[in-house]
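Novice: For the sequence shown, the working numbering assigns the number 257 to the initial residue and increments by one for each residue that follows.
All residues carry an ideal CB built from backbone N, CA and C; glycine is no exception.
The structure is given below, and queries will be raised subsequently.
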Amino acid sequence: MNEEINLYRNAKKTRNLILYASTISIVLAMLFLYSIGTFDGIFKTKPAVISGAILLIMLFLTFKSLASVRDKSPLIHMDSNGFSGKTTPLSKAFGRVEWVDVTDIELQKLGGDTLVVVTVDNADKYNGRLSKMMWKMAYDEQNSKLNLMYSASEIDIDAAKLYDLFAKHWKK
Numbered sequence: 257m258n259e260e261i262n263l264y265r266n267a268k269k270t271r272n273l274i275l276y277a278s279t280i281s282i283v284l285a286m287l288f289l290y291s292i293g294t295f296d297g298i299f300k301t302k303p304a305v306i307s308g309a310i311l312l313i314m315l316f317l318t319f320k321s322l323a324s325v326r327d328k329s330p331l332i333h334m335d336s337n338g339f340s341g342k343t344t345p346l347s348k349a350f351g352r353v354e355w356v357d358v359t360d361i362e363l364q365k366l367g368g369d370t371l372v373v374v375t376v377d378n379a380d381k382y383n384g385r386l387s388k389m390m391w392k393m394a395y396d397e398q399n400s401k402l403n404l405m406y407s408a409s410e411i412d413i414d415a416a417k418l419y420d421l422f423a424k425h426w427k428k
């Protein structure tokens, strides 16, 4: 079986995500302007620092999303030997995973998104692919396994169908 599946960006979903991020950025900008005393002349240090930091992060993520909109490559690629994805920063940095190393696949609700969590055994084989910070996020020390997350928030299908695709390919 050499079935290959490529899942591409859904322009409408991506546009909605960018719109939500932009709206949050505008609210944070208004909070920052209020905190520095633009409206009432009173400078509020903590709210200014917090809202300014979060605003910078949101603007960075929004501009990064805008830059990636032109990318026409598949966000998730599956074949009979393995898979790779670019739907989360962790999955993008990790790269390709072989099906023989997968031990479990499950759906997990995290914040406002439902993610497909793929548990990968043989962590030593994949050591060195991630930065220290990302490795700590993915590595489960109790089980000595990696937990990689894939999102359906920007692709053409929903999380349940993405889970079914992962499970179907893993079983084969």
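Please specify which runs of the alpha helix (DSSP H), each continuous and at least 4 residues long, are wholly inside the stretch 337–423, giving them in chain order.
Specialist: As far as the stretch 337–423 is concerned, its whole alpha helix (DSSP H) runs of at least 4 residues are 345–350, 379–382 and 388–394.
Novice: Taking only the alpha-carbon atoms, compute the straight-line gap between S321 and M314 and give it to the nearest angstrom.
Specialist: Residue mapping note: residue 321 aligns to position 65 of the sequence shown, counting from 1. Residue mapping note: residue 314 aligns to position 58 of the sequence shown, counting from 1. Distance between the alpha carbons of S321 and M314: 10 angstroms.
Novice: Contact between the stretch 299–308 and the stretch 357–372 is defined here as three or more beta-carbon pairs at a separation below 8 angstroms; is this criterion met?
Specialist: No: fewer than three Cβ pairs fall under 8 angstroms.
Novice: Relative to the C-alpha of R271, which candidate in V325, A349, G297 and I261 has its C-alpha closest?
Specialist: Residue mapping note: residue 271 aligns to position 15 of the sequence shown, counting from 1. Selected option, being the one with the closest Cα: V325.
Novice: Beta-carbon separation of G308 and F288 under 9 angstroms?
Specialist: Here residue 308 refers to the residue found at position 52 of the sequence shown. Here residue 288 refers to the residue found at position 32 of the sequence shown. It is a contact, given that the beta carbons lie within the stated cut-off.
Novice: For A416 and D380, I'd like the C-alpha separation in whole angstroms.
Specialist: Residue mapping note: residue 416 aligns to position 160 of the sequence shown, counting from 1. Residue mapping note: residue 380 aligns to position 124 of the sequence shown, counting from 1. Answer to the nearest angstrom: the Cα atoms are 30 angstroms apart.
Novice: Over the uninterrupted beta strand (DSSP E) stretch that includes I261, give me the two end residues.
Specialist: Position 5 of the sequence shown, counting from 1, holds the residue named residue 261. From DSSP, the beta strand (DSSP E) with I261 extends over I261 to L263.
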